[in-house]
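Participant: Before anything else, here's the structure in question.
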Amino acid sequence: MSRALTSPAVPEPSNRAPRNGDFLLPFPDYPCNARSFVHLDARLLPYWHTLFDVCPSLLKLDPPEGLELFRRFMTWAYRHHPSLDWTYYVSVCRWLLSSPYKAQVTDEHIEAFLVAAAALWVSSDVSQARGLVLAWQPMAEVVVEWKHGARAGAFTLEDSKQLPSPQWDFSWSPLSGKGAVSFRRWLPVPG
Numbered sequence: 001m002s003r004a005l006t007s008p009a010v011p012e013p014s015n016r017a018p019r020n021g022d023f024l025l026p027f028p029d030y031p032c033n034a035r036s037f038v039h040l041d042a043r044l045l046p047y048w049h050t051l052f053d054v055c056p057s058l059l060k061l062d063p064p065e066g067l068e069l070f071r072r073f074m075t076w077a078y079r080h081h082p083s084l085d086w087t088y089y090v091s092v093c094r095w096l097l098s099s100p101y102k103a104q105v106t107d108e109h110i111e112a113f114l115v116a117a118a119a120l121w122v123s124s125d126v127s128q129a130r131g132l133v134l135a136w137q138p139m140a141e142v143v144v145e146w147k148h149g150a151r152a153g154a155f156t157l158e159d160s161k162q163l164p165s166p167q168w169d170f171s172w173s174p175l176s177g178k179g180a181v182s183f184r185r186w187l188p189v190p191g
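Following my numbering, the numbering of the sequence shown begins with 1 at its first residue and continues without gaps.
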């Protein structure tokens, strides 16, 4: 049995208490102060750029915008607190290789982040080392980077083939700039 509503039972809009407009929002859990989301997004942009500017092909792993990949990475980063030095990019590699995207990760993805790690090391290192060599065990090639003013041709491709196999998943060694003889030993990349 249905009953018709009479006009006194229906409150008039002028008599209703204000509800802050939440009945107009399509998502009731979305706060009215949407500007806080803009600030949150602005704070996340540097992390977005550390992934997708360094390796734009990551977007192909999670088309079209890489949002799910970014969310998963940020969740992992929140839990593991990777260092924000040159080892950060190696931490990104480690995460990629253990993520749901690991089957799609290629040597090119890893190499892009190793190059970024080497570039950051070169720009921030204050030791006597003139350069650095980075290696990932499954990848045949190594990444070599030199500090400003160092002889860039001092470490050749033939020199890199003479190096011993790295002992860790990601390894590095400082270089004195004297070719293959400047290599001492592989060190594990922390993280």
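Each residue gets a CB set at the ideal place from its N, CA and C atoms; glycine is no exception.
1. Is Ala118 helix, strand or coil by DSSP?
2. Return the residue from the list Glu141, Phe70, Pro174, Tyr101 that minimises the CA-CA distance to Asp125.
3. So, Ala116 versus Pro166, is the Cβ gap smaller than 9 angstroms?
4. CA-CA distance, Arg72 and Asp85?
5. Please report the Cβ distance between Leu69 and Tyr101, rounded to the nearest whole angstrom; I am assuming they are in contact, meaning their Cβ atoms lie under 8 angstroms.
6. Which of helix, strand or coil does DSSP assign to Ala150?
7. Is DSSP giving Phe183 helix, strand or coil here?
8. Which class does Trp172 belong to by DSSP, given the choice of helix, strand or coil?
9. Rounded to the nearest angstrom, what separates Trp121 and Phe183 at their Cα positions?
10. Would the beta-carbon of Ala112 fall within 9 angstroms of that of Val189?
11. For Trp168, is the classification buried or exposed, using 16 other Cβ atoms within 10 angstroms of its Cβ as the cut-off for buried?
Facilitator: So, from the data block:
1. Three-state DSSP puts Ala118 in a helix.
2. Pro174
3. no
4. If you draw a straight line from the Cα of Arg72 to the Cα of Asp85, it comes to about 21 angstroms.
5. 6 angstroms
6. coil
7. coil
8. strand
9. 17 angstroms
10. no
11. exposed
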